Amino acid sequence: MTKKSAKDMKDKAKLEGDMKKMEEAALKAYMNDIEANPDYTSQQIKEKLKEKGVELPPPKPVKPSPPPPPVKVRKVWYEAQSEQGYTYYWNADTNESIWEAPAEGYVTLAEQKQEAEMKQKIEQSKLAEKNEELRSWKAREAMKKFRVEPEPKKSTISTGAALDEPGEQSSFGPTPKPQPYGQWTTVERREELPAVDLQLPETKKLEIFVPVVSEPRIKIKEKKINSLCEEGEENIKQEPTVFKKRKPNPNRGNIRQRFDDD
Numbered sequence: 001m002t003k004k005s006a007k008d009m010k011d012k013a014k015l016e017g018d019m020k021k022m023e024e025a026a027l028k029a030y031m032n033d034i035e036a037n038p039d040y041t042s043q044q045i046k047e048k049l050k051e052k053g054v055e056l057p058p059p060k061p062v063k064p065s066p067p068p069p070p071v072k073v074r075k076v077w078y079e080a081q082s083e084q085g086y087t088y089y090w091n092a093d094t095n096e097s098i099w100e101a102p103a104e105g106y107v108t109l110a111e112q113k114q115e116a117e118m119k120q121k122i123e124q125s126k127l128a129e130k131n132e133e134l135r136s137w138k139a140r141e142a143m144k145k146f147r148v149e150p151e152p153k154k155s156t157i158s159t160g161a162a163l164d165e166p167g168e169q170s171s172f173g174p175t176p177k178p179q180p181y182g183q184w185t186t187v188e189r190r191e192e193l194p195a196v197d198l199q200l201p202e203t204k205k206l207e208i209f210v211p212v213v214s215e216p217r218i219k220i221k222e223k224k225i226n227s228l229c230e231e232g233e234e235n236i237k238q239e240p241t242v243f244k245k246r247k248p249n250p251n252r253g254n255i256r257q258r259f260d261d262d
């Protein structure tokens, strides 16, 4: 790269930087003018259109926008009446009761009655909608029972093509009217065949005797005796009972003894 080409590139880059700075300064000044005077842009456009001979149509009158609906403030005080007929006011949040009407407003008895009637109407309409949905669902289920399902087509294969049998009803067209008691069916009576005697040998049934198992009954006999002694023992002399005395051990007190006198 020669010195001349390098110098030309530097000059070109400097020129592009200067142009960019000028554009940014012009844009900044234009934005400042718009912020200071918003009608500046419209004036410039009008002047250019006037130079070209173009006339702008008169501006249409702008209709004022309707005021926003007032925000409904929730009232916490309700008017009530005691058993004696006195009117008092109670707070729904704090359950406080006062005799004088609150300054921030309260819900009157008529408004309370109107709200209760409105809630009752809404609940009745919801209940009616549920009943209507239930009735329509039951009607649909009842219609499904009487709906006639089309029979599947019977076809025979010949030369690779399926042909419908003649006389078969087409599935196209309106659905036949459902019968309330179902379709009529033809009852076919089948002839009963006579019983055939196969001349098989008769087998005799053997009676099996099943013994009844019962527990043996215990018989108790009565026996009388004169004495508790056995026969032949009455004449034997009865000796008195004697207890043997225990002999004391003379060596019990001195177990260790000497064998000699040494």
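Residue numbers (the UniProt record's numbering): 1 to 262. Glycine residues also receive a C-beta, built at the ideal position from the N, C-alpha and C atoms. All of these numbers come straight from a predicted model, not from anything done at the bench.
Relative to the C-alpha of residue i, which residue among the options is closest?
{"i": "residue 104", "options": "244, 220, 50 and 90", "result": "90"}
{"i": "residue 88", "options": "95, 198, 220 and 101", "result": "101"}
{"i": "residue 76", "options": "219, 93, 218 and 85", "result": "93"}
{"i": "residue 99", "options": "86, 111 and 107", "result": "86"}
{"i": "residue 180", "options": "206, 211, 139 and 198", "result": "139"}
{"i": "residue 81", "options": "61, 112 and 135", "result": "112"}
Can you tell me where the alpha helix (DSSP H) with residue i in it begins and where it stops?
{"i": "residue 117", "result": "109-146"}
Determine the DSSP secondary structure at residue i, reduced to helix, strand or coil.
{"i": "residue 81", "result": "strand"}
{"i": "residue 5", "result": "helix"}
{"i": "residue 32", "result": "helix"}
{"i": "residue 161", "result": "Only weak support is given to the placement of residue 161: the predicted model assigns it a pLDDT of 42, under 50, and the question is left unresolved by the model."}
May I have the straight-line CA-CA distance separating residue i from residue j, to the nearest angstrom?
{"i": "residue 142", "j": "residue 183", "result": "15 Å"}
{"i": "residue 14", "j": "residue 7", "result": "11 Å"}
{"i": "residue 44", "j": "residue 10", "result": "38 Å"}
{"i": "residue 204", "j": "residue 145", "result": "56 Å"}
{"i": "residue 17", "j": "residue 23", "result": "10 Å"}
{"i": "residue 195", "j": "residue 187", "result": "24 Å"}
{"i": "residue 66", "j": "residue 74", "result": "24 Å"}
{"i": "residue 137", "j": "residue 130", "result": "10 Å"}
{"i": "residue 19", "j": "residue 3", "result": "25 Å"}
{"i": "residue 221", "j": "residue 208", "result": "39 Å"}
{"i": "residue 225", "j": "residue 218", "result": "22 Å"}
{"i": "residue 64", "j": "residue 127", "result": "44 Å"}
{"i": "residue 61", "j": "residue 68", "result": "21 Å"}
{"i": "residue 114", "j": "residue 97", "result": "23 Å"}
{"i": "residue 122", "j": "residue 83", "result": "31 Å"}
{"i": "residue 197", "j": "residue 214", "result": "48 Å"}
{"i": "residue 51", "j": "residue 26", "result": "23 Å"}
{"i": "residue 125", "j": "residue 185", "result": "46 Å"}
What are the start and end residues of the beta strand (DSSP E) that includes residue i?
{"i": "residue 264", "result": "Past the edges of the chain, shown from 1 to 262, lies residue 264, and the structure says nothing about it."}
{"i": "residue 91", "result": "87-91"}
Which residues in the same chain have their Cβ closer than 6 Å to the Cβ of residue i, if we skip the five residues on either side of it in sequence?
{"i": "residue 47", "result": "none"}
{"i": "residue 109", "result": "79"}
{"i": "residue 107", "result": "75 and 78"}
Going by beta carbon distance, what residues of the same chain come within less than 7 Å of residue i, once the five residues before and after it are set aside?
{"i": "residue 191", "result": "none"}
Is residue i near the ligand ZN - that is, is its Cβ less than 7 Å away from at least one heavy atom of it?
{"i": "residue 130", "result": "Only the bare structure without any ligand can be found here, which leaves the ligand ZN out of the picture."}
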